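Undergrad:
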Amino acid sequence: MVSLNWKHHTLIQALISRGPLKEKEFQSIFTGVTGRNSGAAKKIFDKYLLEINKELSYVHFELRACRDQYDGQVCYGVVNNVADEQSKLGTKYSVPQIAFFKGIIEAIAQDEAAQGCISSFDALNIRLENQLPSEASSSQQQVPPAFKNFSMSQKEKALVELVKDKWLCRTNEGNIGVGIRSLLDLRSWFRNNEVPSCEVCNEAGVKADLCPSEGCTVRIHKYCLKKLLSQRDDKRCSGCGKPWPLSKVTKAEAVEEALNDEEENETQPTAPKSKRRRQLRSHGDSTDNSSAQASLASTSGATGRRVTRSVAHLR
Numbered sequence: 001m002v003s004l005n006w007k008h009h010t011l012i013q014a015l016i017s018r019g020p021l022k023e024k025e026f027q028s029i030f031t032g033v034t035g036r037n038s039g040a041a042k043k044i045f046d047k048y049l050l051e052i053n054k055e056l057s058y059v060h061f062e063l064r065a066c067r068d069q070y071d072g073q074v075c076y077g078v079v080n081n082v083a084d085e086q087s088k089l090g091t092k093y094s095v096p097q098i099a100f101f102k103g104i105i106e107a108i109a110q111d112e113a114a115q116g117c118i119s120s121f122d123a124l125n126i127r128l129e130n131q132l133p134s135e136a137s138s139s140q141q142q143v144p145p146a147f148k149n150f151s152m153s154q155k156e157k158a159l160v161e162l163v164k165d166k167w168l169c170r171t172n173e174g175n176i177g178v179g180i181r182s183l184l185d186l187r188s189w190f191r192n193n194e195v196p197s198c199e200v201c202n203e204a205g206v207k208a209d210l211c212p213s214e215g216c217t218v219r220i221h222k223y224c225l226k227k228l229l230s231q232r233d234d235k236r237c238s239g240c241g242k243p244w245p246l247s248k249v250t251k252a253e254a255v256e257e258a259l260n261d262e263e264e265n266e267t268q269p270t271a272p273k274s275k276r277r278r279q280l281r282s283h284g285d286s287t288d289n290s291s292a293q294a295s296l297a298s299t300s301g302a303t304g305r306r307v308t309r310s311v312a313h314l315r
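This is the structure:
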């Protein structure tokens with residue numbers, strides 16, 4: 001049994017008190033606590049996370065990482081791994097607020113276009129009674145008074161709180177999207193509700209690009225497309241075999257994405273970064289004028305299903 005010290009405790013407390021953090025924020029805290037740069041000492045950083053998770057597993061918690069599907073940045077957060085009735089007592093949200101949140105998440109997840117958002121107008125017009133069992137929702141007498149009396153102003157207030165707490169987010173266009181806390185915490189919910197996964201990373205494709213071929217259901221996150229394009233020029237859809245249109249993802253963007261990943265993950269670079277940057281950018285410039293269409297080779301992996309305690313109210 002690993003004994004955690006004050007450094008481990010500080011990292012856990014930072015995520016619990018502040019909520020999910022972007023990778024750079026969390027690594028900055030790690031550097032301040034340990035005196036080590038997480039990039040140059042990646043093995044030490046990973047060891048800290050492994051030791052933390054070994055201890056958290058005894059109380060069914062987990063320090064988890066995932067990508068924000070709206071900006072592609074990696075985020076870290078602490079989530080619960082068990083769903084039970086007792087966990088419902090741990091939320092600050094009321095039953096109508098939870099039903100409202102669930103309705104919004106379902107509306108976003110069921111969008112076949114995988115836009116990852118709905119308008120604020122559509123969010124505020126979510127009907128809470130739709131979250132009741134079918135027999136109850138069909139009878140107005142069985143709809144709880146709290147649902148009937150949940151006013152528009154209460155919905156607006158709940159929406160503000162859910163965005164503030166990172167369960168939901170506002171996109172650049174002002175629409176309502178899935179917050180990073182939900183992306184971290186609702187992984188099992190997305191799978192159990194058959195939300196199509198990204199063909200590359202196997203995470204839920206809430207916001208993703210779709211294969212344009214009629215009848216093909218393959219979808220892939222844009223940041224996954226960029227990564228693949230930086231690795232190969234010939235990309236075909238694993239579902240239909242047709243070239244994947246990459247007009248929205250230029251080679252220069254893909255090379256820059258690969259460069260960023262390299263600088264974040266590489267522990268002991270074999271060449272100066274400035275030289276490597278020139279090499280990558282030179283490669284990007286030389287291929288910008290090549291064909292914009294490519295094919296996608298499937299690299300999807302399998303991950304286990306996990307139910308989280310803090311989302312038991314969605315079950």
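For the record, in the sequence shown the residue sitting at position 49 is 49 according to the UniProt record's numbering, with numbers rising by one throughout. For each residue, glycine too, the CB sits at the ideal point set by N, CA and C. Note that the structure is predicted; figures quoted are calculated from it, not measured.
Express the C-alpha separation of Glu161 and Met152 in angstroms, rounding to a whole number.
TA: Each residue's Cα considered, the two are about 14 Å apart.
Undergrad: Between Ala65 and Val59, which are expected to be in contact by the criterion C-beta below 8 Å, what is the C-beta distance as a whole number of angstroms?
TA: That belief does not hold up - the Cβ atoms of Ala65 and Val59 are roughly 19 Å apart, past 8 Å.
Undergrad: Compare the Cα-Cα distances from Leu124 to each of Lys242, Ser213 and Lys155 and report the closest residue.
TA: The residue with the shortest Cα to Cα distance from Leu124 is Lys155.
Undergrad: Is the number of C-beta pairs between the stretch 21-39 and the stretch 194-207 that are closer than 8 Å three or more?
TA: No, the stretch 21-39 does not touch the stretch 194-207.
Undergrad: Could you pull the DSSP bridge partners for Pro196 from this structure?
TA: In the DSSP output, where bridge partners are listed per residue, Pro196 has none listed.
Undergrad: Within 10 angstroms of its Cβ, does Gly116 collect 16 or more other Cβ (buried), or is it exposed?
TA: Answer is buried; the Cβ neighbour count reaches 16.
Undergrad: Could you give the DSSP three-state label for Trp244: helix, strand or coil?
TA: Trp244: strand per DSSP, three-state reduction.
Undergrad: On the DSSP bridge assignment, give the partners of Asp209 in chain order.
TA: Answer is Ile220.
Undergrad: Give the DSSP bridge partners of Gln115, in chain order.
TA: In the DSSP output, where bridge partners are listed per residue, Gln115 has Lys207.
Undergrad: Please state whether the Cβ-Cβ distance between residue 404 and Gln110 is less than 7 Å.
TA: Because the chain in this structure spans residues 1 to 315, residue 404 falls outside the shown range and cannot be described.
Undergrad: Below 8 Å, can you find three or more Cβ-Cβ pairs linking the stretch 9-17 to the stretch 165-178?
TA: The stretch 9-17 is not in contact with the stretch 165-178.
Undergrad: Which first and last residues belong to the alpha helix (DSSP H) in which Ala14 is found?
TA: Run containing Ala14: Trp6 to Arg18, per the alpha helix (DSSP H) assignment.
Undergrad: Specify the secondary structure class of Ala65 as computed by DSSP and reduced to three states.
TA: Of the three classes helix, strand and coil, the one that applies to Ala65 here is strand, per DSSP.
Undergrad: Count the other C-beta atoms from every protein chain shown that fall within 10 angstroms of the C-beta of Thr270, then say buried if there are 16 or more, exposed otherwise.
TA: Summary for Thr270: the model assigns pLDDT 40, below 50, so the residue's position carries little reliability; its value from the coordinates is reported in the next sentence. Burial call: exposed.
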